[in-house]
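Chemist:
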Amino acid sequence: MRRLLSGTGLVVIALTATLLALLFPVWSYADRSGTPLADLNATTVRTRWGPLTAADRDFVVRVRLAGLWEGPAGRQAVQRDPSDAVREAGQHLVDGHAFLDARVREVAAQLGMELPDQPNAQQRGWLRQLTADSGTAYERDFANLLRAAHGKVFALVAQVRADTRNSLVRGLADDANTTVLDHIRMLEATGFVDFDALARDAAAAATVSPTGPPPPTPGATPPSAVPLTPEPADSAEPPAGAEPSFPLPPAASRPKDEASPAPGTPHAP
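For the record, in the sequence shown the residue sitting at position 261 is 245 according to the numbering used here, with numbers rising by one throughout.
See the structure below:
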């Protein structure tokens, strides 16, 4: 009897272990509750322009918020007329955010999203700081506050542009990318941007240590990299001395009119 019970117990244990082994992969799927994929699915809504994620909606709001303080900061720079470079940067901010604000309001209206009408507390603080500044301190703070803010938005635009499945958000990201890069260049052209401070702030905010090749040896001359040689379009040899030519995509602009959904595409109001 004892042997029978012992044998039965071993069989039960073996069957239980087998069942757990079979169930574990099901439980460990990436989209189970509480995982990033499950969160993505839970916070995504369907629209006629493609899925709209929480990250997409956050991006749209951030574009609006950027304009709510950077536009006024640009107008202030134009009115103060501190130097040609700062005044010109301010005018680019005014023009760029006037365009982006029209775009983001159009996109938000189509997606049924509500947008803020006031800058957030941190942005209002930056505007107060600029208003209180004068002389060189104003020019320095103007260039560095706005350059730092644009750098963060630039990284966000790239991430959203790479990941979004919504064509309206993708078009807005294209326009934001062009506008933000223009503003970054104009702010840097003032000569007041502290690149060391930007690098320190980025390092302090990083959550992962960067990796890469070791630094170059002082005085050493590295071997020259072999240039890329694309294959010709046909079997014929290219003319001697001819430079390779690659077609470039058209410049980013307003997205195509997508007011009419594709046949069979579901629409969520």
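Note that beta-carbon positions come from the ideal geometry of N, C-alpha and C, so glycine has one too.
Less than 6 Å separating the Cβ of I168 from some heavy atom of the ligand MG?
Modeler: This structure lacks the ligand MG; in fact it carries no ligand of any kind.
Chemist: Can you tell me whether P207 is buried or exposed, with buried defined as 16 or more other CB within 10 angstroms of its CB?
Modeler: Looking up residue 207 in the sequence shown gives position 223. Exposed, since its Cβ has fewer than 16 Cβ neighbours within 10 Å.
Chemist: Cutting at 6 Å between CB atoms, please list the residues of its own chain near R64, excluding the five before and the five after it.
Modeler: Reading the sequence shown from its first residue, position 80 is the one you call residue 64. Closer than 6 Å at Cβ, skipping near neighbours: no residue.
Chemist: By the 10 Å Cβ neighbour count, where 16 or more other Cβ atoms means buried, how is S12 classified, buried or exposed?
Modeler: In the sequence shown, the residue the question calls residue 12 occupies position 28. Residue confidence is low: S12 scores 47 on pLDDT, short of 50, so the model does not pin down where it sits. Its coordinate-derived value is still stated next. With fewer than 16 other Cβ atoms within 10 Å, it is exposed.
Chemist: Please report the distance separating the alpha-carbon of V210 from that of R59.
Modeler: Counting from 1 along the sequence shown, the entry for residue 210 is found at position 226. Counting from 1 along the sequence shown, the entry for residue 59 is found at position 75. Each residue's alpha carbon lies about 49 Å from the other.
Chemist: Please name the residue, chosen from D159, D40, G135, that lies closest to D178 on a Cα-to-Cα basis.
Modeler: The residue labelled residue 178 in the question sits at position 194 within the sequence shown. D178 has its Cα closest to that of G135, out of D159, D40, G135.
Chemist: Can you tell me whether V91 is buried or exposed? The criterion is at least 16 other CB atoms within 10 Å of its CB, across all chains shown.
Modeler: Here residue 91 is taken as the residue at index 107 of the sequence shown, counted from 1. Result: buried.
Chemist: Cα separation between L52 and P197?
Modeler: As a working mapping, residue 52 is identified with position 68 in the sequence shown. As a working mapping, residue 197 is identified with position 213 in the sequence shown. Going from the Cα of L52 to the Cα of P197 covers about 42 Å.
Chemist: Since S151 is in the alpha helix (DSSP H), which residue starts that stretch and which ends it?
Modeler: Numbered from 1 along the sequence shown, position 167 holds the residue referred to as residue 151. Taken as a continuous stretch (DSSP letters only), the alpha helix (DSSP H) holding S151 covers 151 to 172.
Chemist: Inspect the beta-carbon positions of D167 and L77 and report whether they are closer than 7 Å.
Modeler: Here residue 167 refers to the residue found at position 183 when the sequence shown is read from its first residue. Here residue 77 refers to the residue found at position 93 when the sequence shown is read from its first residue. First, the amino acid is wrong: residue 167 is His here, not Asp. Taking 7 Å as the Cβ cut-off, H167 and L77 qualify as a contacting pair.
Chemist: Just reading off the alpha helix (DSSP H) that E54 is part of, what are its end residues?
Modeler: Numbered from its first residue, the sequence shown carries residue 54 at position 70. Start and end: 38 to 64.
Chemist: Out of D68, V45, T37, state which residue places its alpha-carbon closest to the alpha-carbon of L84.
Modeler: Taking the first residue of the sequence shown as position 1, residue 84 is located at position 100. Of the candidates D68, V45, T37, the one whose C-alpha sits nearest the C-alpha of L84 is V45.
Chemist: Just curious, the alpha helix (DSSP H) that A127 is in, first and last residue?
Modeler: On the sequence shown, residue 127 is found 143 positions in, with the first residue counted as 1. That run of the alpha helix (DSSP H) goes 119 to 147.
Chemist: Where does V10 land, buried or exposed, given buried means 16+ other C-beta within 10 angstroms?
Modeler: In the sequence shown, the residue the question calls residue 10 occupies position 26. For V10, the predicted model reports a pLDDT of 46, less than 50, meaning its position is unreliable; a value from the coordinates is still stated below. V10 comes out exposed.
Chemist: Could you give the DSSP three-state label for P199: helix, strand or coil?
Modeler: As a position in the sequence shown, residue 199 is number 215, starting the count at 1. Note: P199 maps to coil in three-state DSSP.
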